[in-house]
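There are 2 protein chains.
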Amino acid sequence: MKFCAECGSPVALRTPRDDHRERFVCTACDTIHYQNPRLIVGAIPEWEDGRILLCRRAIEPRHGLWTLPAGFMENGETTWQGAARETLEEANARVEIKDLYAMYNLAYINQVHLLFRAKLLDLDFSPGVESLEVELFKEEDIPWDTLAFRPVKFALQHYFTERKTGNFTLHTGDIEPPVRK
Amino acid sequence: MKFCAECGSPVALRTPRDDHRERFVCTACDTIHYQNPRLIVGAIPEWEDGRILLCRRAIEPRHGLWTLPAGFMENGETTWQGAARETLEEANARVEIKDLYAMYNLAYINQVHLLFRAKLLDLDFSPGVESLEVELFKEEDIPWDTLAFRPVKFALQHYFTERKTGNFTLHTGDIEPPVRK
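These protein sequence lines are chains F and B, in that order.
Each position in the first sequence, counted from 1, maps to that position plus 130 in this note's numbering.
Each position in the second sequence, counted from 1, maps to that position plus 130 in this note's numbering.
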């Protein structure tokens, strides 16, 4: 951030009074511009035979890899509405959102991921503009080696383990920066 | 938002290609400025005798009313770190953050609230700069009529009901705009 969104003057990093960290503050109108983490909301859509809906990404990052339908939560919606909207946008699929199933902190990129269990309501799905393919996978067919994101992998691993017991519990954790080789 | 934070030129509301809603887009450099919901993270700090730590607000909104320690999550931290930091800032109190206990959607103000169960680690607490008083309350002494926010009230009601059973479960819900009389 270089300029004030309210008046267009340059901003500078300063610690406002009674604050504990530096913020971008306008040098002309003194508006403080806070920057906060973003929420990613998504679904684990399960069809009645137990298969899970995955999308193959048509966009960066991780173009060509598989993921659960998920994306940035928007203003004016709830977390459940956001998860259902992302599923509709990425897979043209209708779901009934159920319990919150996973919360992951990705502090290194200022994100919190919330993934919900979901019931896929019909088989009339197709790739949205951000997807190359949309497909239902049995547990044994999940493309573990070509999943796009670790939160997706961790949530699915936990999901299949717990589904055998019939008892789903909230899964939470912190995801550290990936190790680049 | 009126000006581009990157180049200082005016922004205009436009729907970017492949997007589904209007965004503030720079009329000069085409930067898209997304606006997303914010996370409020907080704690339900319980002392070993069962009393709960509340803070009386020294700031607006709801100056003078009681609340759980909570506030805007910051970049670079996890939800648990944020809840512990807010407790330290508002009550100078050290806590061990436990399970996620409540998630509330406040779509009308673009917020998601995450409240965690927490163990208060010592009695060396005092009002932070945003608090007038910090006090431990038995269940029967909770100032229900002077609580600042509905998420605090709902989480505490649920907490005391469940504590009797010894079984805490995640509480989730949507909070609608308040009715102004």
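Virtual Cβ for every residue (Gly too), placed ideally from N, Cα, C.
In the structure shown, the three-state DSSP call for B:Thr217 is helix. When C-beta atoms of the segment 173-193 of chain B are compared with those of the segment 263-276 of chain B, three or more pairs fall below 8 Å, so the two segments count as touching. Counting C-beta pairs closer than 8 Å gives three or more between the segment 233-248 of chain B and the segment 295-306 of chain B, which meets the contact rule. Beta bridge pairing from DSSP links B:Glu265 with B:Leu184. One thing to note: F:Thr157 has its Cβ no nearer than 8 Å to the Cβ of F:Arg151.
Legend: CB atoms of the segment 156-170 of chain B lying less than 8 Å from CB atoms of chain F belong to residues His163, Tyr164, Gln165, Asn166, Pro167, Arg168 and Leu169.
Counting only the Cα atoms, F:Pro191 lies some 15 Å from F:Arg310. Listed in chain order, the positions of the segment 193-205 of chain B with a beta carbon within less than 9 Å of a beta carbon of chain F are Phe202, Met203, Glu204 and Asn205.
The C-alpha of B:Cys137 lies about 9 Å from the C-alpha of F:Met131. For F:Phe202, the beta-bridge partners assigned by DSSP are F:Ile170. Residues of chain B with a Cβ closer than 9 Å to the Cβ of F:Gly138 are, in chain order, Lys132, Phe133, Cys134, Gly138, Ser139 and Pro140. Residue B:Asn166 holds the alpha-carbon nearest to the alpha-carbon of B:Tyr238 among B:Trp196, B:Cys159 and B:Asn166.
Between the C-alpha atoms of F:Thr295 and F:His193 there is a straight-line separation of about 34 Å. DSSP places F:Tyr231 in the strand class (E or B) of the three-state scheme. Inter-residue distance for F:Val225 and F:Leu251 is about 5 Å (C-alpha atoms, whole angstroms). By DSSP's assignment, F:Ile162 forms a beta bridge with F:Val155. The beta carbon of B:Ala237 sits closer than 8 Å to some beta carbon of chain F. With 16 or more other CB atoms across the displayed protein chains lying within 10 angstroms of its CB, F:Pro175 is buried. B:Val309 has a beta carbon lying at 8 Å or more from every beta carbon in chain F.
Residues of the segment 212-223 of chain B with a Cβ closer than 8 Å to any Cβ of chain F, in chain order: Glu219. The Cβ atoms of F:Phe246 and F:Trp210 sit closer than 8 Å to each other. Residues Tyr238 of the same chain have their beta carbon placed closer than 8 Å to that of B:Glu306, with the five preceding and five following residues left out of the count. Boundaries of the beta strand (DSSP E) harbouring B:His243: Gln241 to Leu250, taken from the DSSP string. By the 16-neighbour rule on beta-carbons within 10 angstroms, B:Leu277 is buried.
When Cβ-Cβ separations below 8 Å define contact, B:Val259 makes contact with chain F. With respect to the 8 Å criterion, B:Glu219 and B:Gly172 are not classified as neighbours on the basis of their beta carbons. Chain F places no beta carbon closer than 8 Å to that of B:Leu262, leaving this residue out of the contacts. Taking C-alpha positions only, B:Ile162 is separated from F:Leu198 by approximately 25 Å. Chain F has no Cβ within less than 8 Å of the Cβ of B:Leu143. Exclusion of the five residues before and after B:Arg168 leaves Phe202, Met203, Asn240, Gln241 and Val242 as the residues of its chain whose Cβ lies within less than 8 Å of its Cβ.
Listed in chain order, the non-local C-beta contacts of B:Val141 below 8 Å within the same chain comprise Met131, Lys132, Phe133, Cys134, Phe154, Val155, Cys156, Thr157 and His163, local neighbours out to five positions each way being set aside.
Ranked by Cα distance from F:Ile182, the first of F:Asp229, F:Ala248, F:Ser139 and F:Ala200 is F:Ala248.
In this structure, the beta-carbon distance from F:Trp274 to F:Lys268 does not fall below 8 Å.
F:Val282: member of the alpha helix (DSSP H) spanning Arg280 to Arg293, first to last residue.
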